[in-house]
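J.: Positions 116 to 393 (our numbering) are the ones given, in order, by the sequence shown. All residues carry an ideal CB built from backbone N, CA and C; glycine is no exception.
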Amino acid sequence: MRLFPHQVNLSLSRSKLSGLLSYFLGQANQSAPSDALPLWIGGHLCGSLRRAAVETLRASRSVRLHTHTVHIGDELTSLPALNETLAEIALALKAAGQAPGWRDELLDVWSEQNQSIAGIERGVVRPLGLVTKAVHLNGLSADGGIWVARRSLTKATDPGVWDTLVGGLVGYQEDPEIALIRESDEEAGLDAPQISQRTSLRKITRMHRQVKEGFQAEDVLTSECVLESGVTPQNRDGEVMEIACLAPDTLMRMLGEDAFTIEASIVLAEDLLRRSVG
Numbered sequence: 116m117r118l119f120p121h122q123v124n125l126s127l128s129r130s131k132l133s134g135l136l137s138y139f140l141g142q143a144n145q146s147a148p149s150d151a152l153p154l155w156i157g158g159h160l161c162g163s164l165r166r167a168a169v170e171t172l173r174a175s176r177s178v179r180l181h182t183h184t185v186h187i188g189d190e191l192t193s194l195p196a197l198n199e200t201l202a203e204i205a206l207a208l209k210a211a212g213q214a215p216g217w218r219d220e221l222l223d224v225w226s227e228q229n230q231s232i233a234g235i236e237r238g239v240v241r242p243l244g245l246v247t248k249a250v251h252l253n254g255l256s257a258d259g260g261i262w263v264a265r266r267s268l269t270k271a272t273d274p275g276v277w278d279t280l281v282g283g284l285v286g287y288q289e290d291p292e293i294a295l296i297r298e299s300d301e302e303a304g305l306d307a308p309q310i311s312q313r314t315s316l317r318k319i320t321r322m323h324r325q326v327k328e329g330f331q332a333e334d335v336l337t338s339e340c341v342l343e344s345g346v347t348p349q350n351r352d353g354e355v356m357e358i359a360c361l362a363p364d365t366l367m368r369m370l371g372e373d374a375f376t377i378e379a380s381i382v383l384a385e386d387l388l389r390r391s392v393g
């Protein structure tokens with residue numbers, strides 16, 4: 116019989132899990148760097164720009180510097196023109212060594228009203244403090260185990276650290292549910308039919324965190340799915356070094372040891388808390 120996530124209950128301490136979740140959420144609730152200026156793109160408030168990046172972009176024709184704000188492309192009225200300008204901005208940051216993790220992938224530029232107004236290179240979203248959306252899949256076993264993945268040592272961010280089974284950013288103009296299917300295939304070798312009984316994606320929180328690249332503002336979206344017996348996730352894209360199915364108490368102990376990325380810690384602790392009856 117196929118089980119659904121709400122049918123896999125756990126006997127764990129809800130008070131301890133609640134404390135862990137509060138701790139992780141606190142770690143992901145930071146202010147922008149003190150030297151950062153609000154960044155407006157195409158007439159919309161979208162991010163925050165640190166002083167070093169401001170100096171890099173000062174000479175750009177599409178950038179307007181005010182005392183307390185930075186504006187890019189305010190005069191542009193067409194999407195192609197704004198996208199072209201943002202591509203030039205990204206290349207300028209790359210040339211200045213301020214675009215680590217360049218991927219030749221586009222992500223949405225989200226306005227404060229949660230509207231996608233343009234697309235921009237993934238490698239500059241943190242330097243510009245732009246909002247990203249990340250999808251996560253909690254893969255569960257019928258006996259209550261939780262599948263998790265350890266990030267490859269070659270990953271630019273958090274190498275060798277434990278993570279959710281599936282986690283990745285939503286691409287430019289990509290439906291989040293499609294992004295989850297894509298990431299599940301790449302990271303865990305799970306085909307769409309194998310996760311068809313997953314729960315709908317839901318937003319847990321928006322992270323605000325200072326990172327070495329700049330500022331992370333990220334919506335954390337999660338889904339749960341009980342994998343059928345005999346299904347063993349296998350990484351396909353080379354970005355995972357290990358996949359394991361952990362007992363709930365083992366996972367809880369590892370969360371307390373900060374063994375997971377902050378994003379994964381939030382997703383996993385929230386899921387354990389929702390399903391715990393202890």
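Thinking C-beta only, is L316 closer than 7 angstroms to L336?
T.: Position 221 of the sequence shown holds residue 336. Position 201 of the sequence shown holds residue 316. Yes, Cβ-Cβ distance for L336 and L316 is below 7 angstroms.
J.: Using the C-alpha atoms, what's the distance from S311 back to A294?
T.: Here residue 294 refers to the residue found at position 179 of the sequence shown. Here residue 311 refers to the residue found at position 196 of the sequence shown. In a straight line, the C-alpha of A294 is about 14 angstroms away from that of S311.
J.: First and last residue of the alpha helix (DSSP H) that includes R389?
T.: Here residue 389 is taken as the residue at index 274 of the sequence shown, counted from 1. Run containing R389: 377–390, per the alpha helix (DSSP H) assignment.
J.: Are there three or more Cβ pairs, one per stretch, closer than 8 angstroms when the segment 227–240 is compared with the segment 197–214?
T.: The segment 227–240 is in contact with the segment 197–214.
J.: Could I get the ranges of all uninterrupted beta strand (DSSP E) runs contained in the segment 299–357, with 3 residues as the minimum, in chain order?
T.: Runs of the beta strand (DSSP E) inside the segment 299–357: 317–326, 329–341.
J.: In terms of residues, what are the limits of the alpha helix (DSSP H) holding G157?
T.: Translated into the one-based positions of the sequence shown, residue 157 becomes position 42. Note, G157: premise wrong, no alpha helix (DSSP H); not H, not E.
J.: For F119, count the other beta carbons within 10 Å of its own beta carbon; 16 or more makes it buried, fewer makes it exposed. Which is it?
T.: Within the sequence shown, the letter at position 4 stands for residue 119. Legend: pLDDT at F119 = 49, less than 50; position of this residue unreliable, value from coordinates given subsequently. F119 is exposed by the Cβ-count criterion.
J.: Using DSSP bridges, identify the partner residues of R266.
T.: Within the sequence shown, numbered from 1, the residue matching residue 266 stands at position 151. In DSSP, R266 forms a bridge with V355.
J.: Are there 16 or more other CB atoms within 10 angstroms of the CB of E378, so buried, or fewer, so exposed?
T.: The count along the sequence shown starts at 1 and reaches residue 378 at position 263. Buried: at least 16 other Cβ atoms inside 10 Å.
J.: For a test of the three-state rule: what should DSSP assign to A151, helix, strand or coil?
T.: Start at 1 with the first residue of the sequence shown, and residue 151 comes out as number 36. Coil, per DSSP.
J.: When we look at the beta-carbon of K327 and count the other beta-carbons within 10 Å, is it buried (16 or more) or exposed?
T.: Residue 327 sits at position 212 when you count from the first residue of the sequence shown. With fewer than 16 Cβ atoms within 10 Å of its Cβ, K327 is classed as exposed.
J.: So G162 packs on G286, CB below 8 angstroms; how close in whole Å?
T.: Position 47 of the sequence shown, counting from 1, holds the residue named residue 162. Position 171 of the sequence shown, counting from 1, holds the residue named residue 286. Not quite, the Cβ-Cβ distance comes to about 18 angstroms (not below 8 angstroms), so this is no contact.
J.: Tell me which same chain residues have a C-beta within less than 6 angstroms of the C-beta of A143, skipping the five on either side of it?
T.: The residue given as residue 143 occupies position 28 in the sequence shown. If we look at A143 and ignore the five residues flanking it on each side, its Cβ neighbours are M322, R324, I377.
J.: Thinking A264 and L280 are a contact (beta carbons under 8 angstroms), I'd like their distance in whole angstroms, please.
T.: The residue given as residue 264 occupies position 149 in the sequence shown. The residue given as residue 280 occupies position 165 in the sequence shown. Confirmed, Cβ separation roughly 5 angstroms.
J.: Taking the beta strand (DSSP E) that L191 belongs to, which residues open and close that run?
T.: For the purposes of this step, residue 191 is taken as the residue at position 76 of the sequence shown. Counting along the chain, L191 falls outside any beta strand (DSSP E), and DSSP gives it neither H nor E.
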